[in-house]
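In what follows, a structure is listed as structure tokens, so that the remarks can point back to it.
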Amino acid sequence: GTHPWIGRARPSRYFNHAMPRVLGLIPAKGVSNRLPGKNIRLLGGKPLIAWAADTARECGVIDDVVLSSEDPQVRGVAREWGIETLDRPPELGRDPAGVVHVALDAIVQLRQQGREYDRLAILLPTCPLRTADDIRAAYRQFDEVEARFLLSVVAYAHTPFAALRLADGIATPYFPEWFDKKSQELPPAYRPNGAIHVLDILAFEAARSYVIQPLYAYVMPWDRSIDIDTEADWKLAEAILAQREQQRAEQ
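Using my numbering, the letters of the sequence shown correspond one by one to residues -2 to 248.
Structural data, given as structure tokens:
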């Protein structure tokens, strides 16, 4: 069935202009429990935050790119790479605060400067292998289906339907009905990869969440979905980048 937004005439104007204004937001906390300073660590000669900013600028669908951090060092590095920054209250740097609160705070801060946006693209710096094409394609999909909420996903490498619960050394399946099936018989399953969220700002501010149904998904391959959380992830990202460079050189 259709959902309430499909088929409804689009608003003829966004604030004072014919085209929606799109904010690209890079949330970059200073504290990282597993990989200290990872957001400003150099990957292929460029900090993670600059990978996010460069693809955001290159994609052609984002009007302004802004980084939000509670950490003066992160903001300093961002400015060195030509990225506009917003300070944020220190409590928004701690984990349970999460990206939702950081994004809502950024929207309010920019509004206080007289800057209104219609749509928000959130780009986590920990997914540096997303491309400008990914952002463009995700945004185009958001636009075409008249979505309010879209996130990027990747297929599970190992099916979640084989998951086991352990208690007192005994393993019991979470999904008994799928447990002894062959992997090709299992339904395809996807997980969020953190690379791209595209949101309608009015709907986001009303819901104060970015996982509201209908939640549209933009599917990305595993090699552009690497989410850097550990040293092993870092090494994998370096290897994929090196391979990309090699392919470019051979073309």
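Even for Gly, the Cβ is constructed at its ideal location relative to N, Cα and C.
Cβ pair residue i, residue j closer than 9 Å
i: VAL62; j: ILE80; result: yes
i: ARG188; j: VAL150; result: yes
i: PRO122; j: ILE23; result: yes
i: ILE136; j: VAL208; result: Correcting the residue identity first, residue 136 is Tyr in this sequence and not Ile. Their beta carbons are not under 9 Å apart, which means TYR136 does not touch VAL208 by this criterion.
i: ARG85; j: ASP197; result: no
i: ILE37; j: VAL58; result: no
i: THR169; j: ARG162; result: yes
i: PRO44; j: TRP78; result: yes
i: ASP131; j: ILE225; result: no
Cβ neighbours of residue i in the same chain (closer than 6 Å, five flanking residues each side left out)
i: ASP220; result: ILE237
i: GLU228; result: none
Beta-carbon contacts of residue i that lie in its chain and below 8 Å, excluding the five residues immediately before and after
i: GLN138; result: ALA144, LEU147, TYR213 and TYR215
i: GLY4; result: Unreliable placement is indicated for GLY4, whose pLDDT of 40 sits below 50; the coordinate value is still reported in the next sentence. Cβ neighbours of GLY4 beyond the five flanking positions: none.
Among the options, nearest to residue i - alpha-carbon criterion
i: ARG127; options: LEU233, ILE223, GLN244 and TYR153; result: ILE223
i: ARG133; options: ALA53, ASP165, PRO157 and THR82; result: ALA53
i: GLU202; options: THR82, ALA160 and ILE104; result: ILE104
i: PHE158; options: TYR171, ASP165 and GLY166; result: TYR171
i: ALA100; options: ASN190, LYS26 and PRO173; result: LYS26
i: VAL195; options: VAL142, GLY34 and PRO44; result: VAL142
i: ARG112; options: ASP60, GLY73 and LEU120; result: ASP60
i: ARG31; options: ALA200, LYS178 and ASP230; result: ASP230
CB-CB length for residue i against residue j, believed under 8 Å
i: GLY41; j: GLU235; result: 7 Å
i: ALA129; j: GLU55; result: 4 Å
i: PRO185; j: ALA160; result: That belief does not hold up - the Cβ atoms of PRO185 and ALA160 are roughly 16 Å apart, past 8 Å.
Cut-off 7 Å between Cβ atoms - residues of its own chain near residue i, not counting five sequence neighbours on either side
i: TYR106; result: Note that residue 106 corresponds to Gln in the displayed sequence, not to Tyr. For GLN106, where only same-chain residues beyond five positions count, the Cβ hits under 7 Å are LEU83.
i: ARG76; result: THR82
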